Structure formats: C-alpha cells, structure tokens
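Asks: Chains as they are written, first to last, in my numbering: chain G, 34 to 201; chain U, 191 to 628.
1. Going along the segment 321-334 of chain U in order, which residues come within less than 9 Å of chain G, judged by CB to CB distance?
2. Do residue 97/G and residue 137/G have their C-beta atoms within less than 8 Å of each other?
3. Find out if the Cβ-Cβ distance for the pair residue 150/G, residue 392/U is shorter than 8 Å.
4. Beta-carbon separation of residue 51/G and residue 181/G under 8 Å?
5. Tell me which residue opens and which closes the beta strand (DSSP E) that residue 490/U is part of.
6. In chain G, which residues lie less than 7 Å from residue 410/U when you measure between Cβ atoms?
7. Under three-state DSSP, which class holds residue 614/U?
8. Taking Cβ positions, are residue 198/U and residue 467/U nearer each other than 8 Å?
9. From residue 490/U to residue 419/U, what distance separates their C-alpha atoms?
10. Under three-state DSSP, which class holds residue 191/G?
11. Against chain U, with Cβ distances strictly below 8 Å, would residue 161/G count as a contact?
12. Starting from residue 297/U, trace the alpha helix (DSSP H) in both directions and tell me its first and last residue.
13. Leaving out five residues on either side along the sequence, give the residues of the same chain with a beta carbon under 8 Å from the beta carbon of residue 183/G.
14. Nearest-angstrom Cα distance between residue 504/U and residue 578/U?
15. Tell me which same chain residues have a C-beta within less than 6 Å of the C-beta of residue 513/U, skipping the five on either side of it?
16. If we count the other Cβ atoms within 10 Å of its Cβ and call it buried at 16 or more, is residue 613/U buried or exposed?
17. Counting only runs that start and end within the segment 326-354 of chain U, where is the alpha helix (DSSP H) found for 4 or more residues in a row?
18. Could you tell me which residues DSSP pairs with residue 250/U in its beta bridges?
19. Using a Cβ-Cβ cut-off of less than 8 Å, give me the residues of the segment 107-134 of chain G that come near chain U, in sequence order.
20. Using a cut-off of 8 Å between C-beta atoms, extract the partners of residue 563/U located in chain G.
21. Give the DSSP-derived three-state secondary structure of residue 166/G in the structure shown.
22. Taking the alpha-carbon positions, what's the residue 560/U to residue 264/U distance?
23. Against residue 85/G, what residues of chain A qualify as contacts under a CB-to-CB distance less than 8 Å, listed in chain order?
24. Do residue 404/U and residue 142/G have their CB atoms nearer than 8 Å?
25. Taking the continuous beta strand (DSSP E) assigned at residue 38/G, which residues delimit it?
26. Would a check of beta-carbon distances place residue 65/G closer than 8 Å to chain U?
27. When burial is assigned at 16 or more other CB atoms within 10 Å of the CB, is residue 422/U buried or exposed?
28. For residue 376/U, which three-state DSSP category applies?
29. Using 8 Å as the threshold, is the C-beta distance between residue 445/U and residue 484/U below it?
30. Residues of chain G with a CB under 8 Å from the CB of residue 341/U: which are they?
31. Any idea what DSSP makes of residue 118/G, helix, strand or coil?
32. For residue 583/U, does the three-state DSSP call read helix, strand or coil?
33. At the 8 Å Cβ level, is residue 618/U part of the contact set with chain G, yes or no?
34. Is there a Cβ of chain G sitting closer than 8 Å to that of residue 206/U, yes or no?
35. Does DSSP classify residue 319/U as helix, strand or coil?
36. With 8 Å as the threshold, decide whether the Cβ of residue 628/U is near any Cβ in chain G.
See below:
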C-alpha cells in the first residue's frame, strides 16, 4: 500500500480532492484529513459514522442494571430493615441507579471515543502522520500502487501545494 | 487593536496562551508559598484532630453537623461553576464561551475533590472511610443503600469521573501541541497525556461528538448531585430541612455560587497571566448578567422557603425561623441577604456600574454570602431541635477554621499548578485566520 499526503490551504479545494478521489474508487476509510482545528466538510464529502451515542446508551443500561441488581442482592443478603422501608424499593435506591447509569454512559462514551478516534487499537501505526501548519490541512490517501498515479494527479489538479508519498 | 480573541492572529493566540506555562514569576512563587503555608497549617490541624478525636471541634450535642458539612455543601456548590456552565454554553453554542469553559471546568474538578474530602474529615476516624464502599466481607455486612449518604457517594463519584473526562477530552489537542516543543520531561508528560493525538478528522469528529454527548450527560448529573446534597437534609424530618423545594433551591444556589467563583477565577487569571485580550469586558458583562439573574432566583427561593414556614406557623419550624431571622443567627441571616442580593443587585443591576472591578466585588460578596447561607441552613436547625430543652450552641474551633482555610488554599494551589501545566484557555477552539498568518 502507498500513502500519499497533500497539503491544502483551502478547505474547498480539499473537499474537491476528496470528492474526486471517492468518485474514482477510493473509500472514505482510506482518506484522512489532518488539521490543527476541527474541519467540517459539507455533508456527503467525508462523513464519519459514529457509534459513540449507542455505546453510551448501552453502557448506561449495563451499569444501571448491574447497580440495581447488586443493591437488590446485597440488601437481601443481610436483610436489615431501616426506617420502615422495604429492603428494595425504587424510591430509596433510584438515585443510585440513576447515578450509576450516568457513570456507565460517561465511561462508555469515553472508551468508545478512544476506540473510534483510533487513539487506542484501530490505528495503522505504520501510516505517515503529516506535519500540519496552523490554517492549512493535509489529506492522506491510502491506495494501491496502480491507483497512486492518478490519485497524485487528482490532488495536484485540485490545488494541493505540497506532496509526499510513502510505502510500496 | 483587536480586543476580541477571535480577531487575533492564531500565532499570537498560541504564544499568549502557552506563555504562562513556562517560568515562574515572583508573584506566582509568593502566592504558592502563602497557599502552601495555609494548606500545611490545615493539614497539621487535621492531623491534630485525627490524633485527639472529634472533641477538638466545636461539634457537640445537639449540633453534630458543623462547618465541615457547611464546607462540603459549599464546595459541591462551587463545583457547579464549571461543568454545568460550560455544558450549557457548549450546548447552546454560545460563541463567547471559548475562553471561559476550561477555566470553569477546572474549578469543577478541584472543588469536587476538595468537597469530597469533607465527609471523610467529618467522619473523625477517616481511616474507616472504606466502610462506605461495598467490599466483600465475611460478616456479609453491606452498606445501607437506602441511606442518602450512599446517594452522596455515588453522585459525587459519578460527577467527579464525568467532570474529569469532560475536562480531559478538550485538553488532548492542546497537550498534543505542547508535546511538540517543550523541555524533555514535559514532552514525555504531554505525549503520554495526548495518547498519540495526530489531529486527523476521525479524532476531531470523535472528540466533538463525545464532548457534546458528555455535556448532555453532565448537565443531568450536575443537577442530580446538588439535589442529592439537598436531600441529605430534606430527607430528615427536621424543622426547616424537610422541604420539597430544597432540591431546586440548592441547585440554584450552587449555580449562583459557581458563577461567582468563575468570575473570581477569571479576574485573577486575567490579572496574573495577562490575559486581558481573552477575558474581555464582554465575558465579564455576560457572566455578571448571569450572576444577577441567579441572585434574583436565589432571592425568590429564599422568600418562598421562609414565607411558607412563617405562614404555616408550626411551632418547631417557627423556632428555627425565629433563631435565624431575629435571634442568635439574625446577623448572619441578614448579612447573607445583603451579600447575596443587595450588593450584586446594586453593582450588577445598574448598567453603568457593571464593570470588571464591580463584577469581581459582587462575585466575592456572593461567594462569602453563599458560604453563610450554607451555615444558616445547617446549624440553626440542629441547634434548635424539636425538644426545646435539648437546644445547644455551636461555635467552630481553630481546628475547623484552619481546615476550612486550608481548603481555600488547596483550591488556589491546585489551580496554580493546573495553570502552569496546561493552557487555561482551549487554544484549538480558536480557528486560525490564514490571512493573518506569516
């Protein structure tokens, strides 16, 4: 695999390059845009799906259910009536269930962030990480040797100002 | 000259915000020394209390909750400065929030750490703290999950964890920048914290999505935390505690004191770190208006709370009401009203007077006033129990005062350390202006 990098000063030019590359068969998974600040492209250019919200909901449900089950079990394990309350009741333990649900949701969101961003696990460590100046952005393309020629040409045509290539 | 941070060149923004991280000025060293001495005195006082027992405090029959609990409620309230305000501003996409959010989020984390210490200090036998945790034991004794004290524990742990993540995530891009140009040990430190951040669109996308999601979660948690703290009182059938509005009353008070603390911190940072271009009169004006709004809300709750008691004329409640408003605690009660309402209303309500200096004075007044408010809630009820013959007097000893003072010093110290390690304003949130770059 070959990694091509191209620097752009203009966001619209980068978007155009991405569009061209995608039209010619480069998958979004093979494209990465590097910048010093978040870059937003128009919808459809380089959309990234996310499961962080889903992970958060599942984490919340998991923690909430486990906490409630744990409370139920411990209170019945050593049954001690206090304040005339039943051993298990939503009113008395609802707060803990809520807090544990929120804790689970927060932790799951964090863990999924690490995974989805590639900070742990999924990143290709051999891929080059381009240096980006403030205000500019860099597009990295992963492609086969056959496609590298026209991909470079596409990048050049759309206004890239600096190029790099790595891999075989 | 540009006075709005967004109009400054990005290079200048980076320089301005990364500059305070290097070097230690004389003023910084002197402030750190003062904070250290006060903090060390507090630690010694706590050591003395651990050695001699709770008899060295002013706690006695029937007042078993003194200024440690006041401090606990106060600091948990202050913690609402950050995450809650930051989350609201982030979700509403308020453009002026950028310089404010990190300063606010750091307050939350440190105030929670300090507030969370007080139940342990108040325990007396601090080394028994782990009894609150559900650990396996051969006698099958588990914590009583129906107790509001366990609610507190879970609420604070959740809020602390959520706030730490919420502070950490937006720090990652900045520490990744810091990892590039720094002294060797700092480079290692920042590199470890940045987790190998490269600035790819996947990372940015995940970061923005997670921060927004956490902002939603943290809003719910922040409200629940102070409601739970209020329920520590409201679940007891004690005069003037057993109130349905205690939850929202505490939440409003917490946001109120939180905004005041944020204003104070911003004023200090502006002066000490020369961030005049970032913490502008516009930011102070907006926060001052928010503080004024919360002052009015606080007054509304205070009137609602006291009026229903007065009109109900229930003897036990009236005994506490009387001791608060025209007997032993009256000077504190009326001082609280002046500090929390009169001063902010005059200084912030009149547009001409709403300057940075006056906003800082009003914020100081509110922070003091809210501490007194917590005292007024905790102590008079306990010193005026239902059985009149059991009434008692509480006065804090030097040990309690030293420990309380130490927590303020600890807050200052933690903040100063944080400001030396991390940019106090999120640099990456300012978009670069290519035409202004060299």
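Note that the Cβ used here is the ideal one computed from N, Cα and C, for glycine as well.
Note that the structure is a prediction, hence the values are computed from the model and not measured.
Replies: Put simply:
1. 324, 329, 330, 331, 332, 333 and 334
2. yes
3. yes
4. no
5. Careful: residue 490/U lies outside any beta strand (DSSP E), inside the alpha helix (DSSP H) at 471-502.
6. 135
7. coil
8. yes
9. 20 Å
10. coil
11. no
12. 288-313
13. 57
14. 14 Å
15. 519, 570 and 574
16. buried
17. none
18. 253/U
19. 107, 108, 110, 111, 113, 115, 116, 118, 122, 125, 126, 128, 129, 131, 132 and 133
20. The premise fails here: residue 563/U is roughly 24 Å from chain G at the closest Cβ pair, so nothing lies under 8 Å.
21. coil
22. 7 Å
23. Looking at the structure shown, chain A is missing, and the protein chains on hand are G and U.
24. yes
25. 35-41
26. yes
27. buried
28. helix
29. yes
30. 128, 129 and 132
31. coil
32. coil
33. yes
34. no
35. helix
36. Only weak support exists for where residue 628/U lies, its pLDDT of 41 falling under 50; the coordinates are left without a value.
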